[in-house]
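Shown next, in structure tokens, is the structure this report addresses.
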Amino acid sequence: MRTIISTATALGGRTLALMLILCASFSVANAQCENWTDSPQKEQAENAHVAYRNFVKNKTVADLVAMTEDEFNNAFNNWKKAYDIAPAADGGRPFHYRDGRLFYGALAQKETDAAKKKELQERLISFYDEELNCYPDAEAFLLGRKGYDMFYMTGYSMEAIDVLEMAMDKGKEATEYIVLPPLGALLDYYFGEGEIDNARVRELYEKGVAIADANIEKGGDYKQYYEDAKANLDASVQKHADKIFDCAYFKNELMPKYEENKEDLEIIRYIITKLKTQGCDENDKDVAMMQAQYDAIYATKAAEYEAERRRMNPAYDADLIFKSGDFAGAVSRYQEAIDAADDDEKKAQYYYQMASIQSGKLRQYGAARQNANKAAKLNDSWGKPYLLIGDIYARLGSSCGDSYQQRLAVLAAIDKYRYAKSIDAEVAGDANRRIANYSGSMPIRSESFQRGDKEGDRIKVGCGIGETVTLRF
1 MRTIISTATA LGGRTLALML ILCASFSVAN AQCENWTDSP QKEQAENAHV AYRNFVKNKT
61 VADLVAMTED EFNNAFNNWK KAYDIAPAAD GGRPFHYRDG RLFYGALAQK ETDAAKKKEL
121 QERLISFYDE ELNCYPDAEA FLLGRKGYDM FYMTGYSMEA IDVLEMAMDK GKEATEYIVL
181 PPLGALLDYY FGEGEIDNAR VRELYEKGVA IADANIEKGG DYKQYYEDAK ANLDASVQKH
241 ADKIFDCAYF KNELMPKYEE NKEDLEIIRY IITKLKTQGC DENDKDVAMM QAQYDAIYAT
301 KAAEYEAERR RMNPAYDADL IFKSGDFAGA VSRYQEAIDA ADDDEKKAQY YYQMASIQSG
361 KLRQYGAARQ NANKAAKLND SWGKPYLLIG DIYARLGSSC GDSYQQRLAV LAAIDKYRYA
421 KSIDAEVAGD ANRRIANYSG SMPIRSESFQ RGDKEGDRIK VGCGIGETVT LRF
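Under UniProt numbering, the first residue of the sequence shown is numbered 1, with each subsequent residue one higher.
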């Protein structure tokens, strides 16, 4: 032993590597509950214990990492000697197991090789099991600390969840707050991976919350720590809340909010919708009660709400004005909707609605065509504005006194129908029906010849249309 220690000290930078070899040589006997009380090596164990404890008493892992190499080696070697002789120290105090975790935490923190670091961390975890075996009275505390270190040192594992659950079951309200954040992270991960179901998550979450709530209610120095730990657990689990929790949970969460906002229709509607989404039946007494409250409030304020809705939504108002028969008023309101909109697709819809009213109800064909063109420009893959323009041309042609110009107007209309279906397959059926209906009204060859026009000529259409068409019969 002395030869190994002296060599490790002499080799300086290689000390940690040699310590790994030293640590790997621990025998199974070291995990037993031997103490120095009746040991023939009692004096050596006590002396080594006193020698190293002066270095680590009230220290953290960070403190040990900050030690000089000589200080650390001296403390570690004396701890090792005391531990080898009497793992359970004097039989009444678990110092050697707890200080072993300190030393191995420092060794793991300084190690750069991933495989060696993992070995050190696993050895650190094993000290919990040894202490549990020899000092079972501290079971809840040790299980909580073991689960905590398992997560933050060795990462995600289902075993860590089991250890944390045992800590909560054993500790009840005395469970340390440090258990809750790693529990939340593990539940978040394994539920997201589909490796644990929502019932398991609910069970563990509710245990954690019950522990936190009991300590928060109790108050004291650790109240804030439990509040923060609960918030951490909540944040991890709540991202899956819709998939994890049932009607009863959401009622418990949302009913207090309802009690505080009984006159707020938006909040009541949100709560009702949320509860139904989470499986609450519409006949559930609380849901039914809130629905009745919502209906009663809405009934007294329906006119007020409708007036506000119409004021804030000019397109909605325009539709109602149109249905009332005030077509000019509807057009004016759609213009306000356009002015207020910041989305081109919505503007295109509103321009189209204006054009439809102006063409079909007000006979304002010029304005209708202008607005249909604006709609088409804002949405260049939309065929309906071109169908409408074709319809406008057909109407303008039908009111034209010159029969030849009427037939040319039909060509202009058919051109628009054909273009509409070329850019928008959804209007192809309507376009084809229009084309079929108007094909019999295209120019007649003999009449065109009499006027000196022949097939393929480019002719400008009158009747207020102004388009140039290719003559065909």
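Where is the CB? At the ideal position from N, CA and C, for every residue including glycine.
All figures in this text were calculated on a predicted structure; none of them were measured in a lab.
Specify, as a first and last residue, the run of the beta strand (DSSP E) that Val469 falls within. Residue numbering aside, residue 469 sits at position 469 when the sequence shown is read from its first letter. From DSSP, the beta strand (DSSP E) with Val469 extends over 468–470.
Would you kindly work out how many angstroms separate the C-alpha atoms of Val427 and Gly383, rounded to a whole number? Indexing the sequence shown from 1 puts residue 427 at position 427. Indexing the sequence shown from 1 puts residue 383 at position 383. Approximately 6 Å, taken between the alpha carbons.
Pairwise C-alpha distance: Ala212 and Ala89: As a working mapping, residue 89 is identified with position 89 in the sequence shown. As a working mapping, residue 212 is identified with position 212 in the sequence shown. Looking at the two C-alpha atoms, the distance is approximately 35 Å.
Buried or exposed for Lys323, going by 16 or more other Cβ atoms inside 10 Å? Taking the sequence shown and counting its residues from 1, one reaches residue 323 at position 323. By the 10 Å Cβ count, Lys323 comes out exposed.
Taking Gln32 as the reference, which of Arg310, Gly462, Pro94, Ala413 has the closest Cα? Position 32 of the sequence shown, counted from the first residue, corresponds to residue 32. Here the closest residue by C-alpha is Pro94.
For Thr470, I'd like the list of residues in its chain whose CB is within less than 7 Å of its CB, leaving aside the five on either flank, ordered along the chain. Residue 470 sits at position 470 when you count from the first residue of the sequence shown. For Thr470, where only same-chain residues beyond five positions count, the Cβ hits under 7 Å are Gly456, Arg458.
Where does the unbroken beta strand (DSSP E) through Lys460 begin, and where does it stop? Start at 1 with the first residue of the sequence shown, and residue 460 comes out as number 460. Per DSSP, Lys460 belongs to the beta strand (DSSP E) from 458–460.
Grab the span of the alpha helix (DSSP H) containing His49 for me, first residue to last. Residue mapping note: residue 49 aligns to position 49 of the sequence shown, counting from 1. From DSSP, the alpha helix (DSSP H) with His49 extends over 42–56.
Contact with chain C by Gly390, beta-carbon distance below 7 Å: Although the question refers to chain C, the structure presented lacks it and comprises just one protein chain.
Measure the C-alpha to C-alpha separation of Glu336 and Ile297 and round it to an integer number of angstroms. Counted from its first residue, the sequence shown places residue 336 at position 336. Counted from its first residue, the sequence shown places residue 297 at position 297. Computed Cα separation, rounded: 31 Å.
What first and last residue would you give for the alpha helix (DSSP H) that runs through Ile444? One-based indexing of the sequence shown puts residue 444 at position 444. Ile444 -> no alpha helix (DSSP H), and no H or E assigned at all.
Decide yes or no for the touch test of the stretch 362–378 against the stretch 388–399: beta carbon pairs closer than 8 Å, at least 3 of them. yes
By alpha-carbon positions, which one of Asn379, Ala328, Arg363, Tyr365 ends up nearest to Asp346? As a working mapping, residue 346 is identified with position 346 in the sequence shown. The sequence shown places Lys at residue 346, rather than the Asp named in the question. The shortest Cα separation from Lys346 among Asn379, Ala328, Arg363, Tyr365 belongs to Asn379.
Nearest-angstrom Cβ-Cβ length linking Tyr190 and Met158, presumed shorter than 8 Å: Taking the sequence shown and counting its residues from 1, one reaches residue 190 at position 190. Taking the sequence shown and counting its residues from 1, one reaches residue 158 at position 158. That belief holds up - the Cβ atoms of Tyr190 and Met158 are roughly 7 Å apart, short of 8 Å.
From Gly329, Pro314, Leu320, pick the residue whose C-alpha is nearest to that of Asp339; which is it? Here residue 339 refers to the residue found at position 339 when the sequence shown is read from its first residue. Residue Pro314 is the option with its Cα nearest to Asp339.
Just to confirm my understanding: we take Asp188, look at its own chain, exclude 5 residues before and 5 after, and list those with CB closer than 8 Å. What are they? As a working note, residue 188 is residue 188 in the sequence shown. So the list reads Ser236, Val237, Lys239, His240, once near-sequence residues are dropped.
Can you name, in chain order, every residue of its own chain whose Cβ lies under 8 Å from the Cβ of Asn215, other than the five neighbours on each side? Translated into positions along the sequence shown, residue 215 becomes position 215. Once the five neighbours on either side are set aside, the close Cβ partners of Asn215 are Glu173, Tyr177, Tyr222, Lys223, Tyr226.
Beta-carbon separation of Tyr334 and Gln353 under 7 Å? Within the sequence shown, numbered from 1, the residue matching residue 334 stands at position 334. Within the sequence shown, numbered from 1, the residue matching residue 353 stands at position 353. Yes, the pair counts as a contact, with Cβ atoms nearer than the cut-off.
Note down, in chain order, each residue of its chain lying with its Cβ closer than 8 Å to the Cβ of Lys118, except the 5 sequence neighbours on either side. Numbered from 1 along the sequence shown, position 118 holds the residue referred to as residue 118. The answer, listed in chain order, is Thr154.
State the Cα-Cα distance for the pair Asn35 and Arg123, rounded to the nearest angstrom. The sequence position of residue 35 within the sequence shown is 35, counting from 1. The sequence position of residue 123 within the sequence shown is 123, counting from 1. Distance between the alpha carbons of Asn35 and Arg123 is about 20 Å.
Would Leu233 and Gly192 be called neighbours here (beta carbons separated by less than 7 Å)? The residue given as residue 233 occupies position 233 in the sequence shown. The residue given as residue 192 occupies position 192 in the sequence shown. Not a contact, by the Cβ cut-off of 7 Å.
Nonlocal neighbours in the same chain, by C-beta distance under 6 Å from Gly12, ignoring five residues either side: Indexing the sequence shown from 1 puts residue 12 at position 12. Unreliable positioning characterises Gly12 in this predicted model, as indicated by a pLDDT of 38, which lies under 50. A coordinate reading is not provided.
CB-CB under 6 Å to Lys460, same chain, minus the five flanking residues each way: which ones, in chain order? Here residue 460 is taken as the residue at index 460 of the sequence shown, counted from 1. If we look at Lys460 and ignore the five residues flanking it on each side, its Cβ neighbours are Thr468.
Since Tyr393 contacts Ala376 with CB under 8 Å, what's their CB separation in whole angstroms? Here residue 393 corresponds to residue number 393 of the sequence shown, with the count starting at 1. Here residue 376 corresponds to residue number 376 of the sequence shown, with the count starting at 1. 14 Å between Cβ atoms; not a contact.
Below 8 Å on the Cβ atoms is my guess for Gln41 versus Ile85; work out the distance and round it to an integer in Å. Taking the first residue of the sequence shown as position 1, residue 41 is located at position 41. Taking the first residue of the sequence shown as position 1, residue 85 is located at position 85. At roughly 5 Å, the Cβ-Cβ gap stays under 8 Å, so Gln41 and Ile85 are in contact.
Beta carbon of Val65, beta carbon of Gln109: below 7 Å? Start at 1 with the first residue of the sequence shown, and residue 65 comes out as number 65. Start at 1 with the first residue of the sequence shown, and residue 109 comes out as number 109. Yes, Cβ-Cβ distance for Val65 and Gln109 is below 7 Å.
Using 10 angstroms around the beta-carbon of Arg14, count the other beta-carbons present and answer buried if the total reaches 16, otherwise exposed. Counting from 1 along the sequence shown, the entry for residue 14 is found at position 14. Model confidence at Arg14 stands at a pLDDT of 33, short of 50, so the residue's coordinates are unreliable; what they give is reported in the following sentence. So Arg14 counts as exposed.
DSSP state of Met166, grouped into three classes? Numbered from its first residue, the sequence shown carries residue 166 at position 166. Three-state DSSP puts Met166 in a helix.
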